[in-house]
Amino acid sequence: MTAGIERPVWTRKHLLTINELSREEILFLLDTAESFKEVSTRSVKKVPALRGRVVVLMFFEDSTRTRMSFELAAQRLSADAIDFAEKVSSTKKGETLLDTARNIEAMGVDIMVLRHPAAGAAEHLARAVNCCVVNAGDGQHAHPTQALLDLFTIREHKGRIEGLNVAIVGDILHSRVARSDIRGLQKLGARVTLVGPPTLVSRDFEAMGARVTHDFESILPEMDVISMLRIQKERMTASGFPSVREYVHFYGMNRERLRRCRPDVLIMHPGPVNRGIELAADVADGPSSSILRQVTNGLAVRMAVLFLCQQAAAGGEHAP
Amino acid sequence: MTAGIERPVWTRKHLLTINELSREEILFLLDTAESFKEVSTRSVKKVPALRGRVVVLMFFEDSTRTRMSFELAAQRLSADAIDFAEKVSSTKKGETLLDTARNIEAMGVDIMVLRHPAAGAAEHLARAVNCCVVNAGDGQHAHPTQALLDLFTIREHKGRIEGLNVAIVGDILHSRVARSDIRGLQKLGARVTLVGPPTLVSRDFEAMGARVTHDFESILPEMDVISMLRIQKERMTASGFPSVREYVHFYGMNRERLRRCRPDVLIMHPGPVNRGIELAADVADGPSSSILRQVTNGLAVRMAVLFLCQQAAAGGEHAP
Amino acid sequence: MTAGIERPVWTRKHLLTINELSREEILFLLDTAESFKEVSTRSVKKVPALRGRVVVLMFFEDSTRTRMSFELAAQRLSADAIDFAEKVSSTKKGETLLDTARNIEAMGVDIMVLRHPAAGAAEHLARAVNCCVVNAGDGQHAHPTQALLDLFTIREHKGRIEGLNVAIVGDILHSRVARSDIRGLQKLGARVTLVGPPTLVSRDFEAMGARVTHDFESILPEMDVISMLRIQKERMTASGFPSVREYVHFYGMNRERLRRCRPDVLIMHPGPVNRGIELAADVADGPSSSILRQVTNGLAVRMAVLFLCQQAAAGGEHAP
Numbered sequence: 017m018t019a020g021i022e023r024p025v026w027t028r029k030h031l032l033t034i035n036e037l038s039r040e041e042i043l044f045l046l047d048t049a050e051s052f053k054e055v056s057t058r059s060v061k062k063v064p065a066l067r068g069r070v071v072v073l074m075f076f077e078d079s080t081r082t083r084m085s086f087e088l089a090a091q092r093l094s095a096d097a098i099d100f101a102e103k104v105s106s107t108k109k110g111e112t113l114l115d116t117a118r119n120i121e122a123m124g125v126d127i128m129v130l131r132h133p134a135a136g137a138a139e140h141l142a143r144a145v146n147c148c149v150v151n152a153g154d155g156q157h158a159h160p161t162q163a164l165l166d167l168f169t170i171r172e173h174k175g176r177i178e179g180l181n182v183a184i185v186g187d188i189l190h191s192r193v194a195r196s197d198i199r200g201l202q203k204l205g206a207r208v209t210l211v212g213p214p215t216l217v218s219r220d221f222e223a224m225g226a227r228v229t230h231d232f233e234s235i236l237p238e239m240d241v242i243s244m245l246r247i248q249k250e251r252m253t254a255s256g257f258p259s260v261r262e263y264v265h266f267y268g269m270n271r272e273r274l275r276r277c278r279p280d281v282l283i284m285h286p287g288p289v290n291r292g293i294e295l296a297a298d299v300a301d302g303p304s305s306s307i308l309r310q311v312t313n314g315l316a317v318r319m320a321v322l323f324l325c326q327q328a329a330a331g332g333e334h335a336p
Numbered sequence: 017m018t019a020g021i022e023r024p025v026w027t028r029k030h031l032l033t034i035n036e037l038s039r040e041e042i043l044f045l046l047d048t049a050e051s052f053k054e055v056s057t058r059s060v061k062k063v064p065a066l067r068g069r070v071v072v073l074m075f076f077e078d079s080t081r082t083r084m085s086f087e088l089a090a091q092r093l094s095a096d097a098i099d100f101a102e103k104v105s106s107t108k109k110g111e112t113l114l115d116t117a118r119n120i121e122a123m124g125v126d127i128m129v130l131r132h133p134a135a136g137a138a139e140h141l142a143r144a145v146n147c148c149v150v151n152a153g154d155g156q157h158a159h160p161t162q163a164l165l166d167l168f169t170i171r172e173h174k175g176r177i178e179g180l181n182v183a184i185v186g187d188i189l190h191s192r193v194a195r196s197d198i199r200g201l202q203k204l205g206a207r208v209t210l211v212g213p214p215t216l217v218s219r220d221f222e223a224m225g226a227r228v229t230h231d232f233e234s235i236l237p238e239m240d241v242i243s244m245l246r247i248q249k250e251r252m253t254a255s256g257f258p259s260v261r262e263y264v265h266f267y268g269m270n271r272e273r274l275r276r277c278r279p280d281v282l283i284m285h286p287g288p289v290n291r292g293i294e295l296a297a298d299v300a301d302g303p304s305s306s307i308l309r310q311v312t313n314g315l316a317v318r319m320a321v322l323f324l325c326q327q328a329a330a331g332g333e334h335a336p
Numbered sequence: 017m018t019a020g021i022e023r024p025v026w027t028r029k030h031l032l033t034i035n036e037l038s039r040e041e042i043l044f045l046l047d048t049a050e051s052f053k054e055v056s057t058r059s060v061k062k063v064p065a066l067r068g069r070v071v072v073l074m075f076f077e078d079s080t081r082t083r084m085s086f087e088l089a090a091q092r093l094s095a096d097a098i099d100f101a102e103k104v105s106s107t108k109k110g111e112t113l114l115d116t117a118r119n120i121e122a123m124g125v126d127i128m129v130l131r132h133p134a135a136g137a138a139e140h141l142a143r144a145v146n147c148c149v150v151n152a153g154d155g156q157h158a159h160p161t162q163a164l165l166d167l168f169t170i171r172e173h174k175g176r177i178e179g180l181n182v183a184i185v186g187d188i189l190h191s192r193v194a195r196s197d198i199r200g201l202q203k204l205g206a207r208v209t210l211v212g213p214p215t216l217v218s219r220d221f222e223a224m225g226a227r228v229t230h231d232f233e234s235i236l237p238e239m240d241v242i243s244m245l246r247i248q249k250e251r252m253t254a255s256g257f258p259s260v261r262e263y264v265h266f267y268g269m270n271r272e273r274l275r276r277c278r279p280d281v282l283i284m285h286p287g288p289v290n291r292g293i294e295l296a297a298d299v300a301d302g303p304s305s306s307i308l309r310q311v312t313n314g315l316a317v318r319m320a321v322l323f324l325c326q327q328a329a330a331g332g333e334h335a336p
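Protein chains in written order, with my numbering: chain A, 17 to 336; chain B, 17 to 336; chain C, 17 to 336.
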C-alpha cells in the first residue's frame, strides 16, 4: 500500500491482526500514538477526539489490564466506554456471539473491542457488523495492540527497530503475543530469535522466518531486546511442559544471565509477571526492564487505534 | 387525563406499568422518543438534557441488553450512570431492598432503574423513595419500556396502531412482556390475539379483552403484526410445557408460515432469540423481522422515559 | 502541625488512617466537605475540580455502598472513575497487590481508593506508588472516611464535638470503624465510652483512653451520641460471641432504651443495619437516627478527601 497526497495512510476501520498491516501503516500508527502519549502526562488527561462516541468492551476472557487500558484510552479520548459484562450476558441464554454483537450495534455503538477465547473471533465479528472492531486478543491467534505497544516501546528505547536482534522467550506455541510480535518485528526489519524448550518452540517456527533455538545462554550476548513471555501456570502440568524448576533453570531471566547481555539490552514482558519464574524480581524491577513503560505505552497505542479506526469509519481526517 | 394549555401531558416521575398510562401519555412519550431517536444517528451522540443527573441501574436479575440500553440512554442524555452491582451488594448482608434504595437515594441519586424478580417491586420502591423510579421488569408482572418500544416500532412501520391485528405468540402465562404489550396495544386501539398451547395461553386471558387461540396456522393471514415471545428454556422441563420439538412444530415462525402471512406483516421478538425455536434463522434475519430495529428504538424510548420522568420530578419543561 | 500564612493546612496526598491527622487537619477537611455538600443539592451535581483526573476503585472486599459513594464523589468532581474488578483481576494469576498497583499507576491514574482485607494494605500501597492512595477500609485496622463522616454528622447535629459523650456499642474487637472513630473523636475532644460483651470489648481498650463498660443500660442517660456497630452475622457462631437473642437483649437499641436517653441523643450506625438486631426498626427510621444523613455526608466527605489529596499531590491550591 502506498500513500499519495490524496490517499490517507490509515484507511482501516478494524484492527484485527498485525499481519494485515503494512510497514507504513504500523509506523503511522506508532507516530499517532506518540502524539497521544503526551496527553497522558497532562493534568487534564483528555482530548475531545471521540466525544459522543461509544466504545463497548466485550471481554469474554478475563483480562483486567487490557480492559482497563482500553477503557482509560476511550475515556482519555472523551468517548463513552461501556462494559459488556459477559458473566451476566445473554450469550448464556443460547445467543450466539454475532447475535449479541448485532444487538449491541443496534444500540448505536461505534467501536467494539473484543477479547475472545476463539481464534478468528474478531474477524468473524468484523464481517457481521458495520461498526469498528478492535481485536484485544483472540485465542492463540493474535493480539495486535500488544505487538504495537511492544514495537512502540522498542522504538522509543532504541530509536529504531530495523536491524535489531530481538529474542522472544517462552511458550511460543500457545502465545498470541508471540505470533503478533514476530510479524510486527519482521515487518519493521528486526531479526527475530525464538527461544524455549523444543516442545514449546519447535523448528516449525522457522517457516515464519524466525531463528529457533533451545539454548538461551548462547544467544544472550547478541540480543538488543529480549521479550520474556508469560508462563500460563495452568498449562505447566500439561505434557510437553517442563517443571517450573526446570523452566526457570533453562529459560528464566536472572541477574547472572543479564550480566552476559549487552549493557543496553531491553528486557520486556507483556505482564503480569510471575516473579521468580520468567523474571527474577531484581531484573523485573531493574533499569533494563521496560515492563511498566510497556503498560504506559499500551494506553497511548490503544488511543491511537481507537482514534484511527473511528476516523477511517467516519471517513474523516486523520491527524490527531 | 386531558392536556390543556396549562397542564403538561406528562406529569409522572415514575414509570411503573403501562396500565397506569393514558393513551395520550403513551403517544406523547412515543413522540418524545422519536425526537431522541435522531440523536443516536449523529456522530456526537449526546444531548445535555440530564447533565449532572445520576441514574442508578439496580438490576437484581441478569439482563445485559436492557441494562446496556438504559446505560447508553443515560449517557446519551449526558447523565452519569452508576451500576449497583447486586452480586456484591449489601442485600446479601440481610439488608432489605427498601433499605438499600433509601441508602442509594441518600447519596443524591435522581433516577433508579429497577429490574427485580418480584412482581410489584418497582411500585414498592416508588412509595419508599423521593427520586424517580423506572421499572425495567418486575417478575412476571410488567416491563413497560419493552411495551413502549414495541408500540414505537409498530407505529414506525405501520404509521398507526389503531385497528391493527396483532398476535402475541408463546408463553403468555409467564411473560411480563406479553402483559405489558397487551395493555399498551389495547390502549392504542389494536386488536390483540394471544396464541400458544392451552397450558400457557388459557381462556382466562379473554378477560383481558384479548382473543385466545391455540391454532397458530389459522390466524396467520389476518395479522398485521406477529410478536414471538422468547421461550425460557429453563421452563421447558416444567409440566405444562410441550417438548421443544413439539413447540417448534406448532408455534415456531418459519418460512412456510411466513408465506401464509400478509406480505407486509411485521415479525417482532423482544430478544434474545432462540434461533430455530421461536424463529427460524432466515425469518429472524429476513426483511419482515424488526428485531434489531426494536433494539434501536428501545434506546430512544428509554431516553424519553428517563427524560420525561426527570423533568416531571424537577417540575420543569417537557420539550426535549 | 501549625498552619501559617505560607503553609497550607492540608499537605497529604494519601489518606491512610485517622491517627495520622492532626485536629486541625480534620477540621479543615470537615470544612471542605461542608462546601462540597452543597454541590449535591444542585440539579447539576457537578464541579469541575478534578476534570480529566482518574480515580481507580480497587475493592478487594465487597462493599457496594462505600464503592458507590467514592464513585459518585469522583463523578461529582468531574473525575473519571474506573473500576478495578478484582474478580477478574490478575491478582488471581499470582500477581501481588503491589505489582497490580504499579501497573495501574503506569496507566496514568491519579488516585487509588483501596478496600482490602489485610490490615496495613493501604500504607503498604502508598509506599510503592507515586499517585494518591485513599484507604477505604483495611482489614480490622482503619476506615478513616467512615470516621470522618461520623465526625461530620456529629458536628452538623450538635454544632461541636468537643466535650460530647459518645458511646460506641458492639463488636469493638473486630471493628475498623470503631478504631477509627475512637481516634477521631478523641482528637476532637469527645469522651468515648465503649460498650459490649466482655469478649468483644475487653478492658484492654482502656489503654486507648476510652471508658469500657459492659452495662449498656447504665450509660444511656449521659450520652450525647450513641453509635451502634454493625454485627457481622458470619461471626455470630464464633466462640466469644453471644447468641443473637442474647445480644439484642443486652446491646440492641430499641424504643425502651431510647426513652432512657437524652431527648436530643443522636443514634448512629455505619450501615447496612441488621434491623431488629443492632437497632429496632422504629429507632432506625425514627427522628433520633442519623443513618441516612451519614450516607449523604459520606459523599461530601469523600469528595473532600479526593479533592484535597489530589490538590496536595499536584502541589496546587487548596480552596475548593
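Backbone N, C-alpha and C fix where the C-beta goes; we use that ideal spot for every residue, glycine too.
Less than 8 Å between CB atoms is the rule here; does B/Gly-124 satisfy it with respect to chain C?
Chain C contact via Cβ: present.
Taking Cβ positions only, does A/Gln-91 come closer than 8 Å to chain C?
For A/Gln-91, the answer is yes, since a Cβ of chain C falls inside 8 Å of its Cβ.
What is the rounded straight-line gap between the Cα of C/Ala-49 and the Cα of A/Lys-53?
So the alpha carbons of these two residues sit roughly 35 Å apart.
Give the interface partners of C/Ala-329 over in chain F, defined as CB-CB distance under 9 Å, in chain order.
The question asks about chain F, but that chain is absent: this structure's protein chains are A, B and C.
Output the distance between the C-alpha atoms of A/His-190 and A/Leu-216, rounded to the nearest integer angstrom.
Their backbone Cα atoms lie some 8 Å apart in a straight line.
Name the chain C residues whose beta carbon is nearer than 8 Å to that of B/Arg-67?
Val-60 and Lys-62, listed in chain order.
Since C/Arg-271 and C/Ala-300 are thought to touch, with beta carbons under 8 Å apart, how far apart are those beta carbons, to the nearest angstrom?
At roughly 11 Å, the Cβ-Cβ gap does not stay under 8 Å, so C/Arg-271 and C/Ala-300 are not in contact.
Relative to the C-alpha of A/Gln-202, which candidate in A/Gly-186, A/Gly-153, A/Glu-222 and A/Glu-178 has its C-alpha closest?
Answer by Cα proximity: A/Glu-178.
I need the straight-line Cα distance from A/Glu-121 to A/Val-145, nearest angstrom please.
Straight-line Cα distance between these residues: approximately 7 Å.
Pull up the distance between the alpha-carbon of A/Gly-225 and that of B/Val-193, whole angstroms please.
Computed Cα separation, rounded: 59 Å.
So, does the CB of A/Asp-96 fall closer than 8 Å to a CB anywhere in chain B?
Yes, because at least one Cβ of chain B sits closer than 8 Å to the Cβ of A/Asp-96.
Quick one, which residues of the segment 113-140 of chain B are near chain A if we go by CB-CB under 8 Å, in chain order?
The segment 113-140 of chain B vs chain A, Cβ under 8 Å: nothing.
Leaving out five residues before and five after B/Leu-204 in sequence, what residues of the same chain have Cβ atoms less than 7 Å from its Cβ?
Around B/Leu-204: Arg-39, Ile-42, Leu-167, Ile-177 and Glu-178.
Between which two residues does the beta strand (DSSP E) holding B/Phe-75 run?
That run of the beta strand (DSSP E) goes 70-75.
Could you tell me the distance, in whole angstroms, from the CA atom of A/Arg-23 to the CA atom of B/Glu-139?
Taking the straight line joining both Cα atoms gives about 59 Å.
Could you spell out where the alpha helix (DSSP H) holding A/Asn-119 opens and where it closes?
A/Asn-119 -> alpha helix (DSSP H) spans 113-122.
Along chain C, in chain order, which residues have C-beta atoms closer than 8 Å to that of A/Leu-337?
Here chain A comprises residues numbered 17 to 336, so residue 337 of chain A is not present and cannot be evaluated.
Would you please state the rounded distance, in angstroms, between the beta carbons of B/Gly-68 and C/Ser-59? I believe it to be under 8 Å.
With a Cβ gap of about 7 Å, B/Gly-68 and C/Ser-59 count as contacting.
C/Leu-245 and C/Ile-184 - do their beta-carbons sit closer together than 8 Å?
Cβ distance < 8 Å, so C/Ile-184 and C/Leu-245 count as in contact.
Thinking C/Ile-283 and C/Ala-163 are a contact (beta carbons under 8 Å), I'd like their distance in whole angstroms, please.
Rounded, the Cβ-Cβ distance is 17 Å, inconsistent with contact.
Is the beta carbon of A/Phe-100 less than 8 Å from the beta carbon of A/Leu-73?
Result yes, Cβ atoms of A/Phe-100 and A/Leu-73 sit closer than 8 Å.
Tell me the DSSP bridge mates of B/His-132?
Paired residue(s): B/Asp-154.
In whole angstroms, give me the CA-to-CA distance for B/Ser-218 and B/Arg-83.
Approximately 32 Å, taken between the alpha carbons.
Kindly say whether B/Val-193, judged by its beta-carbon, lies nearer than 8 Å to any beta-carbon of chain A.
No, B/Val-193 lies away from the interface with chain A (no Cβ there is under 8 Å from its Cβ).
Say whether the segment 77-97 of chain C touches the segment 121-136 of chain C, bearing in mind that this needs 3 or more beta-carbon pairs closer than 8 Å, one atom from each stretch.
Because the criterion of three Cβ pairs below 8 Å is met, the segment 77-97 of chain C and the segment 121-136 of chain C touch.
For C/Glu-238, which residues from the same chain have a beta carbon less than 6 Å from its beta carbon, with the 5 sequence-adjacent residues on both sides left out?
Taken in chain order, the residues that qualify are Asn-181.
Excluding sequence positions up to five away, which residues of its chain have a Cβ less than 8 Å from the Cβ of B/His-5?
No statement about residue 5 of chain B is possible, as the shown extent of chain B runs from 17 to 336 and does not include it.
Please report whether the beta-carbon of C/Met-17 lies at a distance below 8 Å from any beta-carbon of chain A.
Note that C/Met-17 has pLDDT 44, beneath the 50 cutoff, so the model's placement of it is unreliable and the number below is only indicative. It does not; no Cβ of chain A falls within 8 Å.
May I ask you to list the residues that DSSP assigns as paired with B/Ala-183?
Bridge partners of B/Ala-183: B/Thr-209 and B/Ile-242.
So with CB distances below 7 Å, who are the chain B contacts of C/Ser-85?
Under the 7 Å cutoff, chain B gives Met-123.
Among A/Asp-78, A/Gly-186 and A/Arg-28, which residue has its Cα nearest to the Cα of A/Val-150?
Closest option to A/Val-150, Cα to Cα, is A/Arg-28.
Could you tell me the distance, in whole angstroms, from the CA atom of A/Leu-274 to the CA atom of C/Val-311?
So the alpha carbons of these two residues sit roughly 54 Å apart.
Quick one: Cα of A/Glu-294 to Cα of A/His-285, how far?
Approximately 9 Å, taken between the alpha carbons.
Assign C/Arg-143 to one of two classes, buried (16 or more other C-beta atoms within 10 Å of its C-beta) or exposed (fewer than that).
That one is exposed.
Is the beta carbon of C/Ser-304 closer than 8 Å to that of C/Val-281?
In contact: C/Val-281 and C/Ser-304 (Cβ atoms closer than 8 Å).
Would the beta-carbon of A/Thr-161 fall within 8 Å of that of A/Val-321?
Yes, the pair counts as a contact, with Cβ atoms nearer than the cut-off.
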